[in-house]
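First up is the structure itself, then whatever we jot down about it.
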Amino acid sequence: MILVTGGAGFIGANFVLDWLRTSDEPVLNLDALTYAGNLENLAALQGDRRHIFVQGDICDRALLDRLLAEYRPRALVHFAAESHVDRSIHGPAAFVRTNVEGTFTLLEAARAYWSALDGAEQAAFRFLHVSTDEVYGSLGPNDPPFAETKAFEPNSPYSASKAASDHLVRAWHHTYGLPVLTTNCSNNYGPYQFPEKLIPLMIANALAGKALPVYGDGRNVRDWLYVGDHCAAIREVLAHGRLGETYNIGGWNEKPNLEIVHTVCALLDELRPDPAGPHARLITYVADRPGHDRRYAIDARKIERELGWRPAETFETGIRKTIAWYLANQDWVADVQSGAYREWVAHHYGDR
9 MILVTGGAGF IGANFVLDWL RTSDEPVLNL DALTYAGNLE NLAALQGDRR HIFVQGDICD
69 RALLDRLLAE YRPRALVHFA AESHVDRSIH GPAAFVRTNV EGTFTLLEAA RAYWSALDGA
129 EQAAFRFLHV STDEVYGSLG PNDPPFAETK AFEPNSPYSA SKAASDHLVR AWHHTYGLPV
189 LTTNCSNNYG PYQFPEKLIP LMIANALAGK ALPVYGDGRN VRDWLYVGDH CAAIREVLAH
249 GRLGETYNIG GWNEKPNLEI VHTVCALLDE LRPDPAGPHA RLITYVADRP GHDRRYAIDA
309 RKIERELGWR PAETFETGIR KTIAWYLANQ DWVADVQSGA YREWVAHHYG DR
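If you're matching positions, the sequence shown starts at 9 in the working numbering and goes up one per residue.
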């Protein structure tokens with residue numbers, strides 16, 4: 009069995025679904041079900057005895073100790089995190105609690121559990137920490153992509169909290185010998201992504217005929233990674249990664265945000281045309297985010313060289329699959345767009 013934290017969120021749920029599509033090894037799924045955690049993401053697993061769901065907080069040490077003792081997982085895959093930069097600007101305390109205190113609590117629980125295992129089980133145990141490229145800071149237009157050796161220069165409360173968690177994971181390996189692995193990924197997109205992030209927000213707003221808010225000049229560049237490719241990479245790192253190592257996971261798809269929005273609009277014009285006209289008419293420029301990093305880019309050659317992983321999807325194939333999924337799952341979108349979510353969007357974009 010493996011233990012997955014945050015397995016009802018966007019990337020975590022995709023990982024759990026992919027894991028159980030490709031393996032019969034059971035998953036113990038721990039998620040606090042905050043606004044972005046959604047059991048509807050896991051509806052396909054209802055009644056599947058390989059999936060054991062527990063609602064709980066990674067800051068709850070007693071709960072962690074009980075679950076580890078009862079289920080005795082061979083590995084722990086740690087997705088649970090507050091992850092939205094804009095939310096971290098408005099309320100950083102939650103990010104420090106979950107991403108820093110939560111990771112610390114999880115590491116300590118894992119260390120106590122791992123230390124008590126017998127020789128073979130102890131040698132086989134893994135703690136895989138899923139992180140972000142945002143810990144590396146911002147790149148200039150001609151700078152080389154982020155390599156695993158790049159110094160951390162986080163610029164938002166979110167990225168600072170993730171950098172802190174990465175440092176804790178590294179320290180628990182070097183100080184205590186805990187068998188850890190860390191992955192730093194670029195911007196994910198795909199099914200089940202909460203519609204506060206760029207791509208699902210643009211899809212939802214365009215279908216509703218609402219403004220498509222673009223920060224600043226829209227030329228901030230990100231590397232885009234289809235979530236299914238990310239899940240495949242994590243499986244490779246868990247199975248074959250070298251202990252204590254970091255692996256950058258990227259899609260080899262550097263694109264400015266404005267190009268992403270125009271691509272979404274063009275595909276919606278093709279797949280769900282609006283009688284009122286092209287969806288790009290809805291693009292609206294808004295005041296830039298404070299401290300908005302200009303460019304991220306991932307050098308993913310290490311994971312390809314050592315583990316043989318490379319993304320299967322191009323951006324063109326991945327974005328078409330993503331939009332098709334959202335068009336086919338409008339009930340899911342409507343369910344997650346609760347009153348609290350609408351209030352947050354109004355607060356965040358209303359004065360811009």
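Virtual Cβ for every residue (Gly too), placed ideally from N, Cα, C.
{"Asked": "Reference Y43, options T140, I257, G14 and A51, closest by Cα", "Found": "G14"}
{"Asked": "Three-state class that DSSP yields for T113 in the structure shown", "Found": "helix"}
{"Asked": "First and last residue of the uninterrupted beta strand (DSSP E) at R74", "Found": "From DSSP, R74 is part of no beta strand (DSSP E) but of the alpha helix (DSSP H) over R69 to Y79."}
{"Asked": "The stretch 233-240 in contact with the stretch 314-329 per 3-pair CB rule at 8 Å", "Found": "yes"}
{"Asked": "Reduced DSSP category for E262 - H, G, I as helix; E, B as strand; rest coil", "Found": "strand"}
{"Asked": "Residue nearest to I306 in terms of C-alpha spacing, selected from T140, A51, D225 and L114", "Found": "T140"}
{"Asked": "Neighbour-count burial assignment, H182, 16 or more Cβ in a 10 Å radius", "Found": "exposed"}
{"Asked": "Three-state secondary structure (DSSP) of T191", "Found": "strand"}
{"Asked": "Sheet register partners of V85 (DSSP bridge)", "Found": "V12 and L136"}
{"Asked": "Touching by the beta-carbon criterion (3+ pairs, under 8 Å), the stretch 49-58 and the stretch 75-84", "Found": "no"}
{"Asked": "Identity of the residue in E90, W122 and T191 nearest R82 by Cα", "Found": "W122"}
{"Asked": "Three-state secondary structure assigned by DSSP to W122", "Found": "helix"}
{"Asked": "Short Cβ contact (7 Å threshold) for A16 with N46", "Found": "yes"}
{"Asked": "Own chain residues within Cβ distance below 7 Å of L125, not counting five before or after", "Found": "F133"}
{"Asked": "Start and end residues, alpha helix (DSSP H) containing P208", "Found": "L206 to L215"}
{"Asked": "M9 burial status per 10 Å Cβ neighbour count (16 or more: buried)", "Found": "exposed"}
{"Asked": "Unbroken alpha helix (DSSP H) run spanning W340, endpoints", "Found": "Q338 to V344"}
{"Asked": "Burial state of H270, where buried means 16 or more other Cβ atoms lie within 10 Å", "Found": "buried"}
{"Asked": "Closest residue to Y255 among L36, A288 and H137 (Cα-Cα distance)", "Found": "H137"}
{"Asked": "Where Y43 sits in the DSSP three-state scheme", "Found": "coil"}
{"Asked": "Extent of the continuous alpha helix (DSSP H) run through P165", "Found": "P165 to Y184"}
{"Asked": "V62 - containing beta strand (DSSP E), residue span", "Found": "H59 to Q63"}
{"Asked": "Separation of A168 from D391, as counted between CA atoms", "Found": "Look at the range of the chain in this structure, 9 to 360, and you will see that residue 391 is not part of it."}
{"Asked": "Exposure of A172, with buried meaning 16 or more beta-carbon neighbours within 10 Å", "Found": "buried"}
{"Asked": "Simplified DSSP state of N49, which is helix, strand or coil", "Found": "helix"}
{"Asked": "7 Å CB neighbourhood of F361 in its chain, flanking five on each side removed", "Found": "Nothing about residue 361 can be reported from this structure: the residues present for the chain run from 9 to 360 only."}
{"Asked": "Buried versus exposed, by CB contacts within 10 Å (16 or more), H92", "Found": "buried"}
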